[in-house]
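First residue of the sequence shown? That's 7 in the working numbering, and the numbers climb one at a time after it.
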Amino acid sequence: MSVSEDRTVQPSPTASPVSGIADPAPLGLAAFALTTFLLSAANAGWMSKATGAAFLGYAFAYGGLGQLLAGMWEFRNRNVFGATAFASYGGFWIGLGLWVELVKIPTLNAAKTPLAAAAASTALNHDLGWILLAFAIFNLYMLVLSTQVNMAVFLVFLTLQLTEVILFIGFFGNSSGTIKFGGYVGLVTALVAWYTSAAGVSNGIAGKLRFPVGKPLLS
7 MSVSEDRTVQ PSPTASPVSG IADPAPLGLA AFALTTFLLS AANAGWMSKA TGAAFLGYAF
67 AYGGLGQLLA GMWEFRNRNV FGATAFASYG GFWIGLGLWV ELVKIPTLNA AKTPLAAAAA
127 STALNHDLGW ILLAFAIFNL YMLVLSTQVN MAVFLVFLTL QLTEVILFIG FFGNSSGTIK
187 FGGYVGLVTA LVAWYTSAAG VSNGIAGKLR FPVGKPLLS
């Protein structure tokens with residue numbers, strides 16, 4: 007409010023409220039990309055001089071929590087596709103991390119003989135096969151619906167679908183070669199997700215440098 011010299015009360019201009027929040031998709035995609043990269047590098051055999059568990063902490067802190075938060079913010083933005091995708095894959099990474107900590111590690115530690123270790127490894131691979139099969143089913147309808155978003159997002163879900171299918175076949179068949187191949191496809195998935203994240207950041211900055219995402223296949 008403001009008061010003029012004759013004491014007449016004048017209403018002050020009211021600022022328009024700022025609506026919405028910044029696009030959380032680049033964060034969710036970056037979190038997904040990095041965690042996928044670490045796990046896929048292990049599956050591809052790139053971590054021969056490492057423990058192979060570099061992804062585990064990030065499955066909780068970045069791929070899990072980061073995507074879960076991005077999904078909640080997408081709900082705030084009324085983006086049901088982004089919210090479902092990020093929250094689901096955030097849950098995937100947290101669930102995978104818990105499975106490794108609570109099931110895989112104790113099971114392998116309990117194996118006292120090479121024969122028992124081999125049997126435990128086969129059972130654990132089948133666990134992963136079922137997990138990946140379930141998410142491949144979820145990812146399939148998200149892949150179909152991503153045709154209405156843009157080409158970059160569609161390619162993320164396409165490469166992810168291939169990764170999940172190849173890996174669940176490899177884990178069900180206890181085929182190290184197939185799992186390694188799935189790791190390489192997973193690396194491609196991570197690179198596509200990183201590019202899509204970078205495109206989202208560039209568009210959010212609204213500067214001169216912008217990365218194209220392509221038109222949706224269906225509009």
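Where a beta carbon is used, it is the ideal one built from N, C-alpha and C, also for glycine.
Bounds of the alpha helix (DSSP H) holding residue 209 are 182 to 211.
DSSP places residue 144 in the helix class (H, G or I) of the three-state scheme.
Between the beta-carbon of residue 46 and that of residue 142 there is about 16 Å, and that puts the pair past the 8 Å contact cut.
In this chain, the alpha helix (DSSP H) harbouring residue 163 covers 157 to 178. Annotated three-state conformation of residue 29 is coil, per DSSP. Cβ-Cβ separation between residue 160 and residue 153: approximately 6 Å, consistent with a contact (criterion under 8 Å).
Taking all protein chains shown into account, residue 54 has fewer than 16 neighbouring C-beta atoms within 10 Å of its C-beta and is therefore exposed. Contact between residue 221 and residue 156 holds: their C-beta atoms lie close to 7 Å from each other, under 8 Å. The beta carbons of residue 216 and residue 208 sit about 5 Å from each other, so the pair counts as a contact at 8 Å. C-alpha of residue 166 to C-alpha of residue 126: approximately 27 Å in a straight line.
If you check the CB distance, residue 80 and residue 69 do not come in under 8 Å.
A residue is called buried once 16 or more other Cβ atoms fall within 10 Å of its Cβ, and residue 150, having fewer, is exposed.
Cα atoms of residue 219 and residue 187: separation of roughly 27 Å, rounded to the nearest angstrom. Distances from the alpha-carbon of residue 75 to those of 103, 178, 30 and 43 put 30 closest.
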